[in-house]
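Student:
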């Protein structure tokens with residue numbers, strides 16, 4: 001036990017974390033009452049004095065307002081986290097306000113599934129950043145006309161209701177906009193009930209922050225398209241789900257409101273509201289840079305973390321996608337993909353339709369090695385160098401299936417999953433088709449078609465299999481230049497075979 005406490009103390013010393021209360025509690029329980037007194041740790045103040053320069057200290061006077069004009073979501077999240085981690089607001093129960101705005105971004109909560117909350121393709125195509133914050137709650141959309149407000153203070157002074165009351169008073173007194181605080185601690189308009197602000201928070205032993213958004217004049221079209229506003233079915237996860245709400249821009253309620261006028265109104269009233277001196281004028285500091293020169297190299301490390309794929313996508317809680325491929329008489333075939341830390345951990349078609357050798361290759365190539373991204377999957381399948389025609393066809397099938405998944409999980413519009421019965425290849429029938437073409441080393445096209453049709457269980461599966469074979473272009477079918485040109489011939493063959 002003593003060795004465990006020593007290791008804990010060493011960690012606390014390096015991270016400048018308060019060890020006193022932890023060691024006293026654990027030490028007394030194990031008869032080590034005097035253990036903590038022999039450890040030289042900073043138990044009174046967790047402020048990182050190496051980073052708090054006189055300039056930064058002037059920023060952090062209680063009642064101060066910091067306005068970041070840096071339009072980078074990752075830099076602003078890093079600044080908020082830096083303040084939360086490196087300054088102990090509990091010493092004098094200090095509190096500051098951080099105001100910030102970004103170029104377009106979708107920001108998911110700490111415990112959310114980014115693939116289910118954001119339309120990834122739309123965001124990438126339209127230059128919209130995708131980020132994950134360190135607090136809980138749901139997904140929000142940011143742009144240059146959305147104001148983000150962070151109330152940073154001690155844990156003792158954490159008061160979400162009071163903060164929202166402050167914003168409500170500012171809107172009422174300065175812009176004649178009446179809002180209510182909802183049971184979910186959001187701000188909604190009194191008349192219509194539309195949401196104008198979503199909130200989230202984070203607390204540790206000493207500090208807290210409560211942050212929220214204010215929709216001033218955001219691009220509602222981007223908001224609707226960048227967020228996935230309807231839930232996707234057949235996804236199994238414990239991730240926090242957003243609760244969609246009807247929203248409204250504040251500018252539509254008060255035409256003369258601008259970002260500048262709102263920032264000025266909030267800044268002007270903050271110190272009077274949160275300090276004993278009601279006549280005090282707020283100290284407002286504008287930041288046009290968030291960099292290592294001002295905040296030390298750790299700020300760059302924090303920003304890099306917030307921008308990393310491992311944080312934005314890899315922090316998604318484990319989830320499984322399960323979708324019906326097709327039904328065959330009394331049997332239903334499903335494909336399951338399990339993703340953990342952003343990587344594919346399991347792929348299966350149940351009941352199993354893959355031969356053992358190919359299944360082993362598939363598991364070796366995919367499991368734990370491939371990010372759940374379209375380009376990574378394509379590269380992974382390219383490593384399967386098998387010349388076996390059966391494996392080539394199965395690879396084509398799986399790529400087709402994965403392609404449909406990525407269209408589903410990155411597009412704005414939700415797919416009709418029932419179309420899978422018509423779209424996806426029936427794997428067992430394709431296997432039979434391959435067997436037929438293997439034995440048909442010679443003969444006319446009509447002979448090949450007849451062989452395929454005789455062993456295929458239904459007409460639609462043949463047509464689907466034929467499309468894949470034509471796309472793969474095995475030598476036997478290479479003379480066929482157009483499926484459309486052969487459509488009539490195929491229909492005639494089907495008709496003839498029915499009556500043979």
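In UniProt numbering, the protein residues as written are 1 to 500. Using N, Cα and C, we set each Cβ at its ideal position, and we do this for glycine too. In this text the structure is predicted, and so the values were computed from the model without any measurement.
1) Between which two residues does the alpha helix (DSSP H) carrying residue 123 extend?
2) Give me the DSSP bridge partner(s) of residue 81.
3) On the three-state DSSP scale, how would you describe residue 370?
4) I'd like the list of long-range same chain contacts for residue 246, defined as Cβ closer than 7 Å, with 5 residues on each side in sequence excluded.
5) Have a look at residue 319 and residue 227 and give me their C-alpha separation to the nearest angstrom.
6) Suppose you measure from the CA of residue 337 to the CA of residue 376; what does that come to, to the nearest Å?
7) Using C-beta distances below 7 Å, list every residue in its chain close to residue 163, excluding the 5 sequence neighbours before and after it, in chain order.
8) So what's residue 153 in DSSP terms, helix, strand or just coil?
9) Name the DSSP bridge partner or partners of residue 95?
10) CB-CB under 6 Å to residue 285, same chain, minus the five flanking residues each way: which ones, in chain order?
11) What residues are listed by DSSP as bridge partners for residue 202?
12) Below 8 Å between beta carbons: does that hold for residue 200 and residue 137?
13) Who are residue 322's beta bridge partners in DSSP?
14) Count the other C-beta atoms from every protein chain shown that fall within 10 angstroms of the C-beta of residue 183, then say buried if there are 16 or more, exposed otherwise.
15) Between the Cα of residue 64 and those of 312, 269 and 349, spot the shortest distance and give me the residue it belongs to.
16) Residue 360 by DSSP, collapsed to three states: which one?
17) Would you kindly report the start and end of the unbroken beta strand (DSSP E) that includes residue 173?
18) With DSSP as the reference, identify every bridge partner of residue 185, one or two as the case may be.
19) On a CA-only basis, which of 121, 113 and 131 is nearest residue 76? Give me that one, please.
20) Is residue 81 closer than 8 Å to residue 153 when the C-beta atoms are compared?
21) Can you tell which of 365, 308 and 372 has its C-alpha closest to the C-alpha of residue 380?
22) Pull up the CB-CB distance for residue 134 and residue 110, whole angstroms please, since I reckon it's below 8 Å.
23) Considering only the alpha carbon of each residue, which of 148, 198, 298 and 350 lies closest to residue 322?
24) Ends of the alpha helix (DSSP H) at residue 348?
25) Which partner residues of residue 285 appear in the DSSP bridge assignment?
26) Checking 8 Å against the spacing of the C-beta atoms, do residue 296 and residue 316 come in under that value?
27) Would you kindly work out how many angstroms separate the C-alpha atoms of residue 69 and residue 259, rounded to a whole number?
28) For residue 114, write down the residues that DSSP places opposite it in a beta bridge.
29) Give me the Cα-Cα distance between residue 101 and residue 370, rounded to the nearest whole angstrom.
30) Taking only three categories from DSSP, how would you classify residue 237?
31) Report the rounded CA-to-CA distance for residue 363 versus residue 73, giving the unit in angstroms.
32) If you compare alpha carbons, which of 293, 234 and 142 is closest to residue 221?
33) What is the rounded straight-line gap between the Cα of residue 262 and the Cα of residue 256?
34) Taking all protein chains shown into account, decide if residue 243 is buried (16 or more other Cβ within 10 angstroms of its Cβ) or exposed.
35) Would you mind sorting residue 191 into buried or exposed? The rule is 16 or more other CB atoms within 10 Å of its CB.
36) Kindly indicate which three-state DSSP category residue 222 falls into: helix, strand or coil?
Tutor: In short:
1) Translated into positions along the chain shown, residue 123 becomes position 123. Here the alpha helix (DSSP H) through residue 123 covers 120-125.
2) The residue you call residue 81 lines up with position 81 of the chain shown. Bridge partners of residue 81: none, in fact.
3) On the chain shown, residue 370 is found 370 positions in, with the first residue counted as 1. It is coil, neither helix nor strand.
4) The residue labelled residue 246 in the question sits at position 246 within the chain shown. Only 194 and 195 meet the Cβ criterion.
5) Translated into positions along the chain shown, residue 319 becomes position 319. Translated into positions along the chain shown, residue 227 becomes position 227. When rounded, the distance between both Cα atoms is 19 Å.
6) The residue given as residue 337 occupies position 337 in the chain shown. The residue given as residue 376 occupies position 376 in the chain shown. Approximately 15 Å between the Cα atoms of the pair.
7) By one-based count along the chain shown, residue 163 stands at place 163. Scanning its chain for C-beta atoms nearer than 7 Å, with the 5 sequence neighbours on each side dropped, one finds around residue 163 the residues 151 and 210, in chain order.
8) Along the chain shown, one-based indexing puts residue 153 at 153. Correct three-state label for residue 153: strand.
9) In the chain shown, counting from the first residue as 1, residue 95 sits at position 95. Answer by DSSP bridge pairing, in chain order: 153.
10) Taking the chain shown and counting its residues from 1, one reaches residue 285 at position 285. Once the five neighbours on either side are set aside, the close Cβ partners of residue 285 are 59 and 66.
11) On the chain shown, residue 202 is found 202 positions in, with the first residue counted as 1. Answer by DSSP bridge pairing, in chain order: 209.
12) Against the chain shown, residue 200 aligns to sequence position 200. Against the chain shown, residue 137 aligns to sequence position 137. Against a cut-off of 8 Å, the Cβ pair of residue 137 and residue 200 comes out as a contact.
13) On the chain shown, position 322 is the one that residue 322 refers to. Note: residue 322 sits in a beta bridge opposite 336.
14) Taking the first residue of the chain shown as 1, we reach residue 183 at position 183. Per the 10 Å Cβ criterion, exposed.
15) If you number the chain shown from 1, residue 64 lands on position 64. Taking only the C-alpha atoms, the option nearest residue 64 is 269.
16) The count along the chain shown starts at 1 and reaches residue 360 at position 360. Of the three classes helix, strand and coil, the one that applies to residue 360 here is helix, per DSSP.
17) Translated into the one-based positions of the chain shown, residue 173 becomes position 173. Careful: residue 173 lies outside any beta strand (DSSP E), inside the alpha helix (DSSP H) at 160-175.
18) As a working note, residue 185 is residue 185 in the chain shown. Secondary-structure assignment with DSSP links residue 185 through no beta bridge to anything.
19) The residue given as residue 76 occupies position 76 in the chain shown. With distances taken between Cα atoms, residue 76 lies closest to 131.
20) As a first step, residue 153 must be located in the chain shown, where it is residue number 153. As a first step, residue 81 must be located in the chain shown, where it is residue number 81. With a cutoff of 8 Å on beta-carbon distance, residue 153 and residue 81 are scored as not near each other.
21) Counting from one through the chain shown, the residue named residue 380 turns up at place 380. Nearest C-alpha to residue 380: 365.
22) Your numbering for residue 134 matches position 134 in the chain shown. Your numbering for residue 110 matches position 110 in the chain shown. Indeed they touch by this definition, with Cβ atoms about 6 Å apart.
23) By one-based count along the chain shown, residue 322 stands at place 322. Restricting attention to 148, 198, 298 and 350, the CA atom closest to the CA of residue 322 is found in 350.
24) Position 348 of the chain shown, counted from the start, is the residue given in the question as residue 348. The continuous stretches of alpha helix (DSSP H) do not include residue 348, which lies in the beta strand (DSSP E) extending over residues 343-350.
25) Within the chain shown, residue 285 is the residue found at index 285, counting from 1. Bridge partners of residue 285 according to DSSP: 66.
26) Taking the first residue of the chain shown as 1, we reach residue 296 at position 296. Taking the first residue of the chain shown as 1, we reach residue 316 at position 316. Against a cut-off of 8 Å, the Cβ pair of residue 316 and residue 296 comes out as no contact.
27) Here residue 69 refers to the residue found at position 69 when the chain shown is read from its first residue. Here residue 259 refers to the residue found at position 259 when the chain shown is read from its first residue. If you take the alpha carbons of residue 69 and residue 259, they lie about 12 Å apart.
28) Here residue 114 corresponds to residue number 114 of the chain shown, with the count starting at 1. Note: residue 114 sits in no beta bridge, so no partner.
29) Counted from its first residue, the chain shown places residue 101 at position 101. Counted from its first residue, the chain shown places residue 370 at position 370. Cα-Cα distance, rounded: 35 Å.
30) Here residue 237 is taken as the residue at index 237 of the chain shown, counted from 1. Strand.
31) One-based indexing of the chain shown puts residue 363 at position 363. One-based indexing of the chain shown puts residue 73 at position 73. Straight across, the Cα-Cα distance linking residue 363 with residue 73 is about 37 Å.
32) In the chain shown, the residue the question calls residue 221 occupies position 221. Minimum Cα distance to residue 221 is reached at 142.
33) Sequence index remark: in the chain shown, residue 262 carries index 262 (1-based). Sequence index remark: in the chain shown, residue 256 carries index 256 (1-based). C-alpha separation (whole angstroms): 10 Å.
34) Taking the chain shown and counting its residues from 1, one reaches residue 243 at position 243. Burial call: exposed.
35) Working through the chain shown from its first residue, we reach residue 191 at position 191. It counts as exposed.
36) Taking the first residue of the chain shown as position 1, residue 222 is located at position 222. Helix.
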